[in-house]
Amino acid sequence: MNSKTTLSISEARKRIFEIAEEVQKPNTHFTLTENGRPKVVIISVEEFESLLETIEVWEEFPDLQKDIDKVERDFASGTYKNYLTLDEILAKQGYVLADKADTPYGVSRRTHVKSAKRTRRSSGTK
310 MNSKTTLSIS EARKRIFEIA EEVQKPNTHF TLTENGRPKV VIISVEEFES LLETIEVWEE
370 FPDLQKDIDK VERDFASGTY KNYLTLDEIL AKQGYVLADK ADTPYGVSRR THVKSAKRTR
430 RSSGTK
């Protein structure tokens, strides 16, 4: 435990607004103790939500680290060049893919000249 960020609950009660402001800094947390033993940790909402999201990813993809390690090995050895493309995977699964367009989407190379704004003539007589 870091002595700068470890406080008794009584001390934290006195400094709660300062602590709330301090935990907004990245990777900052406070450990609050009771009778010298860690009891609770204070982190920012942003950090808390990030942790929850990380847990969700771990639950959804339990072998994620193994997959990452395999891809890194494949990249180092050049094996990744034999990977199927997304189009090939989708075609294998029976998805119909749209034909490729003759011209790719993108920004036109033509320059557009904006015409001068015209003023309206009033239709009333004076």
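Sequential numbering of the sequence shown, starting at 310, is according to the numbering used here.
C-beta atoms are modelled at their ideal positions from N, C-alpha and C, and glycine is treated no differently.
Query	Result
Inside the segment 338-369 only - alpha helix (DSSP H) runs reaching at least 4 residues	354-369
Alpha carbon of I352 to alpha carbon of D372, nearest angstrom	28 Å
C-alpha distance - E343 paired with E330, whole-angstrom precision	22 Å
Assigned secondary structure, T315 (DSSP; H/G/I helix, E/B strand, else coil)	strand
Y392 versus E355 - alpha carbon distance	37 Å
DSSP three-state assignment for Q402, whether helix, strand or coil	coil
D396 beta carbon less than 7 Å from that of Y389	no
Cβ pair V291, L361 closer than 7 Å	The question about residue 291 has no answer here: the residues shown for the chain are numbered 310 through 435.
Test item: CB-CB of Y339 and T363 under 7 Å	In the sequence on display, residue 339 carries Phe and not Tyr. It is not a contact, given that the beta carbons lie outside the stated cut-off.
Where I398 falls, given that 16 or more other Cβ within 10 Å makes a residue buried	exposed
Residue from D378, R322, P335, F326 whose Cα sits closest to the Cα of S359	P335
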